[in-house]
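Here the first sequence is numbered in my numbering, starting from 73 and rising by one per residue. A short write-up of the structure that comes next.
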Amino acid sequence: MSRLIVGRVLAWFTLGSACKLDPPELPIKAPLSKIEEMVARPKSSSKGTSRENMLDDSKSRAVFRRALLKWYDANKRDLPWRKDRDPYRVWLSEIMLQQTRVAAVIEKYNLFLKLFPNVEELATASLPAVLAAWSGLGYYRRARALHHAARTIAQDLRGKFPQTAEAWRELPGIGRYTSAAIASIAFGEKAAVVDGNVKRVVDRLLGRRLPVKEVWAHAEDLVSSKRPGDFNQAMMELGATVCVPGEPKCLRCPVVKLCTKRGNLPGGAKSAKLSKTTVFYSLDHRNGKIRLAQRSKDVSVMPDMWELPEIVVPEGATGVASPTVWLKLKHGIMATDYDVRVVRETLSNGKKPGRRIPVDQLHAIPLTGLARKILKAAQILD
DNA sequence: TACGCGTGGTA
DNA sequence: TTACCAAGCGT
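Take a look at the structure:
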């Protein structure tokens, strides 16, 4: 057992008393001096200066920037939207990533780019075609805004992308975060971002939950002038992979020396009550066609999108009155957990809602996520 | 300002 | 299993 390992374990116990840490990973790569350095907090000034945190002087911020960017260069994930700085691709990735996990975005991003490789192709596409490509990602308002913005860029701006965060923000679906992300990543503008990751990182660095407005101010103080896009992505990468919700992996953190909390902060959890509902859908699959119904354009959730026709079953209907369920699955939409029962339709008598759509055309239909899930479970899709 | 807007991964 | 919540925006 080397001295390094002993040191690492000691570091683990020491730090672990302040925050829960992963056990040391072997083999050890960091030299012992590094680990001792990590455990020791910087000496607070004996001159009696009342520093609120370790980032309120420019020298500490420079140290932070350097350490974070070095870590990012060595540890960043290989993601498809990091291959280049093409504004269209950066923009598309940022819209897709809003409130959506990286793993869910990757597949849709690649598919979307094949269908709509540039802003002109997106602008000339139909809205249903764009929604169909977005199907399953959720928050479909994003796709509508993206399509609208593409037409604005292609027509009003004659195909020329906005060049500044301020100009990007004029477009639909682009707010303070997204405009700054695009401007910094694609155009090198010194604009800070605050998302859920940055908020969590800054809160922990300073040791308390801050109002979002203050987090923006800190982020703007911190952001690198030379590599703003990389810095912003590094902050988010740190939050997504190291300074994660729950118990952070402080032992892997490149800026733990500068961190006040070195652990999770209490509170902050808001309980969203989930209701439960049972729904019945009709699966009518005959002659290579599926019967689908289009949702009203007036509903707030997923207007105009297509789903299986719903069957209205009297509440509490059980036993012989209950339809024969062919497939059962669970699906959550917003604050409701749906217990989904699919009834197989075999007869064609009577007038039915919706349209029968050939299976080989389903890829062009804006299906709801639930419809997609049912069709997959029935092995009709994918 | 607080809330509505989808979906699926994770502890 | 349940609850949290992920690179937010618009109203």
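Ideal Cβ positions, reconstructed from N, Cα and C, are used throughout, including at glycine.
- Leu442 carries a helical assignment under DSSP once its states are collapsed to helix, strand and coil.
- Less than 9 Å divides the Cβ of Val274 from the Cβ of Val287.
- DSSP assignment within the segment 184-231 yields the following whole alpha helix (DSSP H) runs of 4 residues or more, N-terminal first: 191-196, 199-206 and 213-223.
- A residue is called buried when at least 16 other Cβ atoms come within 10 angstroms of its Cβ; Leu346 does not meet this threshold and is exposed.
- Contact annotation: Thr350 and Arg413 have beta-carbon atoms nearer than 9 Å.
- The segment 239-247 and the segment 220-229 touch, with three or more beta-carbon pairs separated by less than 8 Å.
- Per the DSSP secondary-structure output, Ala365 pairs in a beta bridge with Glu379.
- Taking one beta carbon from each stretch, the segment 332-339 and the segment 353-364 have fewer than 3 pairs nearer than 8 Å; the two do not touch.
- Residue burial is scored here from C-beta neighbours: Thr396 has fewer than 16 other C-beta atoms within 10 angstroms and is therefore classed as exposed.
- Residue range Gly268 to Leu278 is occupied by the alpha helix (DSSP H) that includes Val273.
- Assignment of Asp293 by DSSP, reduced to helix, strand and coil, places it in the helix class.
- Here Ser368 is exposed. Its C-beta has fewer than 16 other C-beta atoms within 10 Å.
- Per DSSP, Pro425 lies in no alpha helix (DSSP H) and is assigned neither H nor E.
- Taking a 10 Å sphere around the C-beta of Val284, we find fewer than 16 other C-beta atoms and assign the residue as exposed.
- Linking Ser207 to Ala226 through their CA atoms gives a straight-line distance of about 24 Å.
- The bridge partners DSSP lists for Arg358 are Lys361.
- Per DSSP, the unbroken alpha helix (DSSP H) holding Asp302 starts and ends at Pro300 to Thr313.
- Here Asp228 is exposed, its C-beta having fewer than 16 other C-beta atoms within 10 Å.
- In the structure shown, Leu401 adopts extended strand secondary structure according to DSSP, grouped into three states.
- Arg133 places its beta carbon less than 9 Å from that of Asp293.
- Considering only Ala306, Gly231 and Leu185, the residue with the shortest C-alpha distance to Leu140 is Ala306.
- Counting along the chain, no beta strand (DSSP E) covers Asp145; the unbroken alpha helix (DSSP H) around it starts and ends at Ser130 to Asn147.
- Across the set Ala175, Ala237, Ala239 and Pro234, the C-alpha of Ala175 shows the shortest separation from the C-alpha of Leu209.
- Here DSSP, grouped into helix, strand and coil, assigns Arg416 to strand.
- Closest option to Ala312, judged by alpha-carbon separation, among Asn147, Leu127, Met126 and Phe136: Asn147.
- For Phe259, the enclosing alpha helix (DSSP H) starts and ends at Arg248 to Phe259.
- Taken through DSSP and simplified to helix, strand or coil, Lys333 comes out as coil.
- Annotation: Met126 is outside any alpha helix (DSSP H) and is labelled neither H nor E by DSSP.
- By the neighbour-count criterion, in which 16 or more other beta carbons inside 10 Å mark a residue as buried, Arg358 falls on the exposed side.
- Look at the beta carbons and you see the segment 369-389 touching the segment 439-450: at least three pairs across the two are nearer than 8 Å.
- Taking the CA atoms as reference points, Ser130 sits about 27 Å from Thr250.
- Its chain contains Leu164 and Ala205 as the residues whose beta carbon lies nearer than 7 Å to that of Phe184, once the 5 sequence neighbours on both sides are disregarded; these appear in chain order.
- Counting C-beta pairs with one atom in each stretch, the segment 151-161 and the segment 312-327 have fewer than three that are closer than 8 Å, which means they do not touch.
- For the pair Ile254 and Glu166, the CB atoms are nearer than the 9 Å cut-off.
- Judged by their CB atoms, Arg173 and Phe303 are not nearer to each other than the 9 Å cut-off.
- A distance of 9 Å or more separates the beta carbons of Thr236 and Leu277.
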